[in-house]
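Shown next, in C-alpha cells, is the structure this report addresses.
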Amino acid sequence: MPQTDYKATLIEPVRRLVVKVGSAVLSEAEGLRADVIENLAGQIDTIVRGGREVVLVTSGAIAAGRARLGRRGATIAERQAAAATGQIELMRQWAKAFDARGRTVGQLLLTHQDVAERKRRLNAMHTIQTLIAADVIPVINENDTVAVEEIRMGDNDVLSSLVAGMVQAELLIILSDVAGVLTGDPRKRPDARLIPLITDPEAEMRGLVAESAGPLGSGGMATKLKAARQAARAGISVIITSGRSRDALEMALNPARENGTLILPARTRLKSRKHWIAFALRPAGVLAVDQGAADALRSKGRSLLASGIREVRGDFTSGDCVSLLDSEGVEFGRGLVNYPAVDVLKVKGRRSEEIARLLGYKVADEIVHRDNFVLIEDLA
Ligand code: GLU
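Below, the structure is given as C-alpha cells:
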C-alpha cells in the first residue's frame, strides 16, 4: 500500500505532535540559519492555527555556540560552554520568529533524569501541558550545560521520542538533513533509495539499524531509527523527512502527499509504564538468571523469583531498574527490583519462603514482579 493510504487514517486525526529539528537543518559553519528558523516557525504557526498542538524539540545550541565562540573544542567542557552561549542564541531566534507571528514560546531544558524520574517527569509533563493550554509553544532541548556524559541522552532524536511519549503525542516528525530512511548508506551504496513506508518497525528496522549504525554514528540515521522504534512502541507514528524544503511540515501532514519515511506505530504497544522501564530508565545493576527463570519470564509471563538468580552486579536499591541477563549473558529484559543489591545477594538461589528469615523482613515474594518487567530482547 502506498504511504498516502496510511496517512489518511493516521495523520489526519493527529491533534498533538512533536517536531524535532536537527542541528544539520538549522545551522551551518557560520552559525544558525535565521531563514530556516523563520520558515519553520511560520509552518508551525500554520499548523497551530489549524487546531493542532505542537511541541518543538530543537537542537542547534552547540552549533550556534561554537560559531559564536569561534572554537570547535571537542571536550565536554568546551561543548557545554558552547551550549551555554548557543542556547541563548537559539532561543532568541525561535522567540523572534514566533513573535513575528504573535506567538509566545516557553523554554524547557531537560536532562535524562527529568524524563526518567517519576516526579520530575510528571513535573515536566505538567509544565508542557500548561504551556500548551496557554497557547504557548513549548521549545525543548537537552540541558547540555549540566548533562555530563553519564546522564546525557546524547541526541535529541531520543529526547524527542521520549517527549512524544510524555506528552502523549500521536505523531513525531523528525526533520533531518536527509530525505528520510534510505535502504543503505548513500556514501557506500549509490543505489540507496528512500523507503517511503515502514509498516512493521520491529522487523524492518532491525536490519536498517545495523546497516546505518557504523558510518553515520551518533546523531545520524541510527539514532533516528532508534528514536522511531521507541516512539512506535508507544503507539506514536513517526515521519522522518528533510527539514530543508520550505514546506517540509506541511507536506508531512498532508494526507494526499507522499514524502519522507512514515513509520507506523508498532502492533504490540507497550503500556506507558513498561515503555518507561524499557526506554526512559537506565539500569543501575544486573541480575544474571538461570535458564528456567529466563524461560519463565520470556514465554510464561512469570515474575523473577530469588531461586532463579545466579549473579548480582551493581549497587542498586529497591525500586531501581535492573537489567536481566540469561544464561548466555544476553540481556533479555529490564525490570524494577523489589530489594536492594545487598539483600538480593543474600537471597539469590534461595526459595521465596526463606526471604523473611534471611533478611529479617519481606516486601514481596518476587524480586522483580512481572508487572514491572519488560522483555527487551526484541527492542534492543
Ligand atoms: N542538544 C544539542 C544541541 O542543541 C544537540 C544534540 C543533537 O544534535 O541531537 O546542540
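Numbers 0 to 379, taken from numbering that gives the first Met the number 0, label the letters of the sequence shown in order.
Each residue gets a CB set at the ideal place from its N, CA and C atoms; glycine is no exception.
Remember, it's a predicted structure, so these values are computed and weren't measured experimentally.
Since residue i contacts residue j with CB under 8 Å, what's their CB separation in whole angstroms?
i: N381; j: K19; result: Nothing can be reported for residue 381, as the shown portion of the chain is limited to 0 through 379.
i: L304; j: E365; result: 6 Å
i: I308; j: V329; result: Incorrect: roughly 16 Å between the Cβ atoms, too far for contact.
i: E52; j: R15; result: 4 Å
i: I172; j: A251; result: 5 Å
i: E257; j: P195; result: 6 Å
i: V321; j: A277; result: The pair is not a contact, with the Cβ atoms about 13 Å apart (cut-off 8 Å).
i: V104; j: V54; result: That belief does not hold up - the Cβ atoms of V104 and V54 are roughly 11 Å apart, past 8 Å.
i: L31; j: L107; result: Rounded, the Cβ-Cβ distance is 19 Å, inconsistent with contact.
i: A239; j: V180; result: Reading off the sequence, residue 239 comes out as Ile, not Ala. At roughly 6 Å, the Cβ-Cβ gap stays under 8 Å, so I239 and V180 are in contact.
i: L193; j: I10; result: With a Cβ gap of about 18 Å, L193 and I10 do not count as contacting.
i: A227; j: V237; result: 4 Å
In angstroms with no decimal places, state the Cα-to-Cα distance between residue i and residue j.
i: D342; j: P264; result: 40 Å
i: P279; j: L161; result: It is worth fixing the name first, because residue 279 is Ala in this sequence and not Pro. Roughly 7 Å separates the two Cα atoms.
i: W275; j: E77; result: 32 Å
i: L109; j: S159; result: 11 Å
i: L324; j: P200; result: 24 Å
i: V311; j: Y338; result: 12 Å
i: V138; j: W93; result: 9 Å
i: A212; j: K347; result: Residue placement at A212 is poorly supported in this model, since its pLDDT is 41, which falls under 50; the coordinates still yield a value, given next. Roughly 37 Å separates the two Cα atoms.
i: L174; j: E116; result: 28 Å
i: P254; j: A292; result: 47 Å
i: L296; j: H368; result: 10 Å
i: V47; j: A133; result: 13 Å
i: E353; j: L344; result: 13 Å
i: D176; j: G242; result: 6 Å
i: D113; j: N371; result: 20 Å
i: K225; j: I262; result: 12 Å
i: I75; j: Q229; result: 27 Å
i: T57; j: S306; result: 48 Å
i: I87; j: L358; result: 53 Å
i: L130; j: D98; result: 16 Å
i: Q2; j: G334; result: 36 Å
i: I375; j: V17; result: 25 Å
i: Y5; j: R266; result: 14 Å
i: K361; j: E327; result: 30 Å
i: A178; j: M220; result: 11 Å
i: T182; j: R356; result: 58 Å
i: Q128; j: V13; result: 17 Å
i: D314; j: V336; result: 12 Å
i: V35; j: L68; result: 22 Å
i: A23; j: D143; result: 17 Å
i: L269; j: G164; result: 11 Å
i: R349; j: A7; result: 56 Å
i: V373; j: R301; result: 11 Å
i: G332; j: R245; result: 43 Å
i: S317; j: K273; result: 17 Å
i: S271; j: K299; result: 21 Å
i: R91; j: G85; result: 10 Å
i: S26; j: Q290; result: 51 Å
i: R70; j: H111; result: 27 Å
i: D190; j: G50; result: 41 Å
i: R119; j: A73; result: 30 Å
Mind checking which residues open and close the alpha helix (DSSP H) that includes residue i?
i: Q167; result: Q167 -> no alpha helix (DSSP H), and no H or E assigned at all.
i: S271; result: S271 to H274
i: E257; result: From DSSP, E257 is part of no alpha helix (DSSP H); its letter is neither H nor E.
i: I61; result: A60 to L68
i: L374; result: Careful: L374 lies outside any alpha helix (DSSP H), inside the beta strand (DSSP E) at E365 to L374.
i: L248; result: A247 to L252
i: L224; result: M220 to R232
Can you name the start and end residues of the beta strand (DSSP E) that residue i belongs to?
i: N140; result: I136 to E141
i: T240; result: S236 to S241
i: N122; result: No beta strand (DSSP E) contains N122, which is instead part of the alpha helix (DSSP H) from R117 to A132.
i: F97; result: Here F97 belongs to no beta strand (DSSP E); instead the alpha helix (DSSP H) covers I75 to D98.
i: G284; result: G284 to V288
i: R309; result: I308 to G313
i: L263; result: L263 -> no beta strand (DSSP E), and no H or E assigned at all.
i: L382; result: A query on residue 382 cannot be resolved here, the shown segment of the chain reaching from 0 to 379 and no further.
i: S322; result: C320 to L324
i: V104; result: V104 to L109
Give a single yes or no on whether residue i has its beta carbon closer than 8 Å to a heavy atom of ligand 2.
i: I61; result: Summarising the ligand content, the structure contains ligand 1 and does not contain ligand 2.
Measuring only between beta-carbons, confirm whether residue i sits less than 9 Å from chain D.
i: R91; result: Within the model displayed, chain D is absent; a lone protein chain is all it includes.
- Would you call the stretch 37 to 52 and the stretch 108 to 128 touching, i.e. three or more CB-CB distances under 8 Å? no
- Message: Quick check on the DSSP output: what are the complete beta strand (DSSP E) runs of length 3 or more inside the stretch 8 to 55, in order along the chain?
- Response: 15 to 20
- Message: Threshold first: 3 residues or longer. Then list the beta strand (DSSP E) segments lying entirely within the stretch 327 to 362, N to C.
- Response: 330 to 336
- Counting pairs of Cβ atoms below 8 Å between the stretch 160 to 180 and the stretch 225 to 233, do you hit three or more? yes
- Message: When you compare the stretch 79 to 99 with the stretch 62 to 70, are there three or more beta-carbon pairs, one atom per stretch, that lie closer than 8 Å?
- Response: In short, these stretches touch, since the Cβ pair count reaches three.
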